[in-house]
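Chemist: Got a structure for you, written out below as structure tokens; questions coming shortly.
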Amino acid sequence: HLSHTNFTKYSLTKLLIRNQLVEQFKCLEQQSESRIQLLQDLQDFFRRKAEIQLEYSRSLEKLAERFSNKIRSSREHHQFKKDQHLLSSVNCWYLVLNQTRRESRDHATLNDIYTNNVIVRLAQISEDVIRLFKKSKDIGIQMHEELVKVTNELYTVMKTYHMYHTESISAESKLKDAEKQEEKQFSKSADLNVHLLRHEDRPQRRSSVRKIEKMKEKRQAKYSENKLKCTKARNDYLLNLAATNAVVAKYYIHDVSDMIDCCDLGYHASLARTFRTYLSAEYNLETSRHEGLDIMENAVDNLDSRSDKHKIMDMHNQVFCPPMRFEYLPHMGDEVCQVSAQQPVQTELLMRYHQLQSRLATLKIENEEVRKTLDATMQTMQDMLTVEDFDVSDAFQHSRSTESIKSVASETYMSKLNVAKRRANQQETEVFYFTKFKEFLNGSNLIIKLQAKHDLLKQTLGEGERAECGTTRPPTLPPKPQKMRKPRPRSIYNHKLFNGNMETFIKVPTHESVNMDSIVFMVNHFLVTLLVSVIHALLSLLP
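Read in full-length UniProt numbering, the sequence shown has 144 at position 144, and its numbers run on one by one without any break.
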């Protein structure tokens, strides 16, 4: 019954992790679809606004031309031109017409910027969102498969350990029965007088004793063999338990965040550049609108991938919160809860420890080189995605030329040649980055598993050496562990998971530091709220 309960606990934990993995993909997919819909709405909006700007430009041009023709055909115009004296009212009228023509050119320029710059950028961002989500999903599927694999391996080695432990208990029981039969036989032999037995009964009596002794020897050998198998199986179970917990913790604390970063790669920077292009056009079109546009600029300035990521994860904290650690589940009263480092498995564990140490040193060097390459590639991509190309003030420079309007932005940054070149460079860099990111993830996953086994073996071998030097305990039996107090069931993750810095959350050492962070957060929140209230009070006093 206890074994069945243990298996049920493991199955429920595995099911919880599987459900979380599925919900994570759903959450990220919904976020991607929401972004695509947002970008589509923005494209439709700017496309219609460009049409309105073009219609407005043509209407202004017709309006100015109509009254200019009327003025040119009038007598007053010829008289004014001849005398070169203009009344102030007429001069204002001429300036109004000139301003109308200028506004016509400005709105035509705005139409060109919307059509050939802003909308093109939004379409590119939409393509990037779809492409990056697919690539991130592929990596996420691989990461999920790795989690499922390690949990299945843990389940398998646990069942193996339970099986060998059951056989060991059975062999021990049979050995005890044989010892009881031997004691019983010796008791009978002591009670009977050998001289009273007939001569032909003595060989039969000796044969019975030899059979019992032979049966005891066989059962003793079987018990030793099963005990050794049980010890090895328990060691494998504990090592896999440590590795599984390390991999699961790394995924929920680091890998999920990195995967969301991949989905967000360049999104906020590209969207910020698009909005800044729109802002530049609007600011140069009409200075009087600065007050309203400043509000939007403030919102654009606050575009931050880290903040968005934390919000998403905080909104779905039940999905992204790490699950409870896998705990060691002893089988049917087995009190050994640690890796046994005494003979006959000590030599094997020592060899395994040195192999892990050598392998880890090599992997860490290789993975560090991959990380440096990854950082350099990320910096290159950031340079590509944060270029300050959103200023279109040159497009609003006016001259006396009456030539048709040409888009400055279209001739430079958004020209087909430049677009093709930049897109090719960006996608080539993306492919290289994802290749290195995948390599880095695989390497770090392997390192974290091996490191967990290495650390546990290091601790175990150190305790094993001290035990052999300071005690006379038989080396074939693992040391009886001290009873450990069960930790309180309350999790250290009861506070909000993503209301602050992720690095601070990961490195929380004690409950005191968690409480201190919470106090600092509450004080900051109170001060900000108080400041906002004071500002509102002052504004209400203004006429």
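Backbone N, C-alpha and C fix where the C-beta goes; we use that ideal spot for every residue, glycine too. On a predicted model such as this, the values are computed, not experimentally measured, just so you know.
Quick check: the Cα distance between residue 222 and residue 171, rounded to an integer number of angstroms?
Modeler: The count along the sequence shown starts at 1 and reaches residue 222 at position 222. The count along the sequence shown starts at 1 and reaches residue 171 at position 171. For residue 222 and residue 171, the distance between alpha carbons rounds to 6 Å.
Chemist: With a cut-off of 8 Å, do at least 3 Cβ pairs link the segment 29-43 to the segment 346-353?
Modeler: Segments in contact, no.
Chemist: Does any residue of chain C bring its CB to less than 8 Å from the CB of residue 24?
Modeler: Protein chains in the displayed structure number just one, and chain C is not present.
Chemist: Shortest alpha-carbon distance to residue 376 belongs to which of 340, 73, 125 and 432?
Modeler: Position 376 of the sequence shown, counting from 1, holds the residue named residue 376. Here the closest residue by C-alpha is 432.
Chemist: Just to confirm the assignment, what range does the alpha helix (DSSP H) spanning residue 270 have?
Modeler: Counting from one through the sequence shown, the residue named residue 270 turns up at place 270. Run containing residue 270: 267-285, per the alpha helix (DSSP H) assignment.
Chemist: Helix, strand or coil, according to DSSP, for residue 512 in the structure here?
Modeler: Position 512 of the sequence shown, counted from the start, is the residue given in the question as residue 512. At residue 512 the pLDDT is 43, less than 50, meaning the model places this residue with poor confidence; the figure from the coordinates comes in the next sentence. In this structure, residue 512 counts as helix in the three-state DSSP scheme.
Chemist: Inspect the beta-carbon positions of residue 459 and residue 360 and report whether they are closer than 8 Å.
Modeler: Locating residue 459 in the sequence shown gives position 459, counting from the first residue. Locating residue 360 in the sequence shown gives position 360, counting from the first residue. In this structure, residue 360 does not lie closer than 8 Å to residue 459 by Cβ.
Chemist: With 16 as the cutoff for other CB atoms within 10 Å, does residue 273 come out buried or exposed?
Modeler: The count along the sequence shown starts at 1 and reaches residue 273 at position 273. With 16 or more other Cβ atoms within 10 Å, it is buried.
Chemist: Measuring straight from C-alpha to C-alpha, what distance separates residue 99 and residue 429?
Modeler: Working through the sequence shown from its first residue, we reach residue 99 at position 99. Working through the sequence shown from its first residue, we reach residue 429 at position 429. Spanning the two alpha carbons is a distance of roughly 47 Å.
Chemist: Exposed or buried, which one is residue 92 when buried takes at least 16 other CB atoms within 10 Å?
Modeler: Here residue 92 is taken as the residue at index 92 of the sequence shown, counted from 1. Looking at its Cβ environment, which holds fewer than 16 other Cβ atoms inside 10 Å, residue 92 is exposed.
Chemist: Inspect the beta-carbon positions of residue 270 and residue 128 and report whether they are closer than 8 Å.
Modeler: Locating residue 270 in the sequence shown gives position 270, counting from the first residue. Locating residue 128 in the sequence shown gives position 128, counting from the first residue. The answer is yes: Cβ separation under 8 Å.
Chemist: According to DSSP, is residue 341 helix, strand or coil?
Modeler: As a first step, residue 341 is located in the sequence shown; it is residue number 341 there, counting from the start. Coil, per DSSP.
Chemist: Do the segment 37-53 and the segment 100-112 touch if we need at least three Cβ pairs shorter than 8 Å?
Modeler: Yes, since at least three Cβ pairs between the segment 37-53 and the segment 100-112 fall closer than 8 Å, the two stretches touch.
Chemist: Please confirm if the segment 136-150 is in contact with the segment 310-318, defined as three or more CB-CB distances below 8 Å between the two stretches.
Modeler: Counting Cβ pairs under 8 Å, fewer than three are found: no touch.
Chemist: Counting pairs of Cβ atoms below 8 Å between the segment 384-391 and the segment 274-288, do you hit three or more?
Modeler: These segments touch.
Chemist: Could you tell me if residue 268 is buried or exposed, where buried requires 16 or more neighbouring beta carbons within 10 angstroms of its beta carbon?
Modeler: In the sequence shown, the residue the question calls residue 268 occupies position 268. So residue 268 counts as buried.
Chemist: On the three-state DSSP scale, how would you describe residue 18?
Modeler: Locating residue 18 in the sequence shown gives position 18, where the first residue counts as 1. Looking at residue 18 - three-state DSSP - the assignment turns out to be helix.
Chemist: If you reduce the DSSP assignment to three classes, tell me which class residue 565 lands in.
Modeler: Residue coverage of the chain in this structure runs from 1 to 543, which leaves residue 565 outside it and unanswerable.
Chemist: For the structure I just gave you, are there three or more beta carbon pairs, one from the segment 175-183 and one from the segment 215-229, closer than 8 Å?
Modeler: Yes, since at least three Cβ pairs between the segment 175-183 and the segment 215-229 fall closer than 8 Å, the two stretches touch.
Chemist: Do you know how far the Cα of residue 135 is from the Cα of residue 379?
Modeler: Along the sequence shown, one-based indexing puts residue 379 at 379. Along the sequence shown, one-based indexing puts residue 135 at 135. Approximately 20 Å between the Cα atoms of the pair.
Chemist: Need the endpoints of the alpha helix (DSSP H) that residue 117 sits in, please.
Modeler: Position 117 of the sequence shown, counted from the start, is the residue given in the question as residue 117. Careful: residue 117 lies outside any alpha helix (DSSP H) and carries neither H nor E.
Chemist: May I ask which residues mark the beginning and end of the alpha helix (DSSP H) holding residue 367?
Modeler: Position 367 of the sequence shown, counted from the first residue, corresponds to residue 367. Start and end: 346-385.
Chemist: Should residue 118 and residue 239 be called a contact, given that it needs their Cβ atoms to be closer than 8 Å?
Modeler: One-based indexing of the sequence shown puts residue 118 at position 118. One-based indexing of the sequence shown puts residue 239 at position 239. No, these two residues do not count as a Cβ contact at 8 Å.
Chemist: Any idea if residue 19 is buried or exposed, counting beta-carbon neighbours within 10 angstroms, 16 or more meaning buried?
Modeler: In the sequence shown, the residue the question calls residue 19 occupies position 19. So residue 19 ends up on the exposed side.
Chemist: Anyone know if the C-beta pair for residue 453 and residue 356 falls short of 8 Å?
Modeler: As a working note, residue 453 is residue 453 in the sequence shown. As a working note, residue 356 is residue 356 in the sequence shown. Yes; because the gap between Cβ atoms is below 8 Å, this pair is in contact.
Chemist: Along the chain, where does the alpha helix (DSSP H) that runs through residue 253 open and close?
Modeler: One-based indexing of the sequence shown puts residue 253 at position 253. Counting along the chain, residue 253 falls outside any alpha helix (DSSP H), and DSSP gives it neither H nor E.
Chemist: Taking 8 Å as the cut-off, does the segment 244-263 touch the segment 320-339 (at least 3 CB pairs, one atom from each stretch)?
Modeler: At 8 Å Cβ cutoff, the stretches touch.
Chemist: Assuming residue 230 contacts residue 328 under a Cβ cut-off of 8 Å, what Cβ separation, rounded to an integer in Å, is found between them?
Modeler: The residue given as residue 230 occupies position 230 in the sequence shown. The residue given as residue 328 occupies position 328 in the sequence shown. Not really, about 15 Å apart at Cβ, beyond 8 Å.
Chemist: If you drop the 5 nearest sequence neighbours on each side, which residues of the same chain put their C-beta closer than 7 Å to that of residue 444?
Modeler: The sequence position of residue 444 within the sequence shown is 444, counting from 1. Once the five neighbours on either side are set aside, the close Cβ partners of residue 444 are 367.
Chemist: Quick one, which of 9, 68, 224 and 62 has its alpha-carbon nearest residue 173's?
Modeler: Translated into the one-based positions of the sequence shown, residue 173 becomes position 173. Answer by Cα proximity: 224.
Chemist: Ordered along the chain, which non-local residues of its own chain (more than five positions away) have a Cβ less than 6 Å from that of residue 21?
Modeler: Here residue 21 refers to the residue found at position 21 when the sequence shown is read from its first residue. Same-chain partners within the cutoff: 144.
Chemist: Buried or exposed for residue 381, going by 16 or more other Cβ atoms inside 10 Å?
Modeler: As a first step, residue 381 is located in the sequence shown; it is residue number 381 there, counting from the start. Result: buried.
Chemist: Just checking my contact of residue 336 with residue 234 at CB under 8 Å: how many whole Å lie between their CB atoms?
Modeler: Start at 1 with the first residue of the sequence shown, and residue 336 comes out as number 336. Start at 1 with the first residue of the sequence shown, and residue 234 comes out as number 234. Contact flag correct, Cβ pair sits at about 6 Å.
Chemist: Please go through the same chain and pick out, in chain order, the residues whose beta-carbon is closer than 8 Å to the beta-carbon of residue 40, but skip the five residues on each side of it.
Modeler: For the purposes of this step, residue 40 is taken as residue 40 along the sequence shown, with counting starting at 1. 126, listed in sequence order.
Chemist: In three-state DSSP terms, what is residue 157?
Modeler: If you number the sequence shown from 1, residue 157 lands on position 157. The answer is helix: DSSP assigns residue 157 an H, G or I state.
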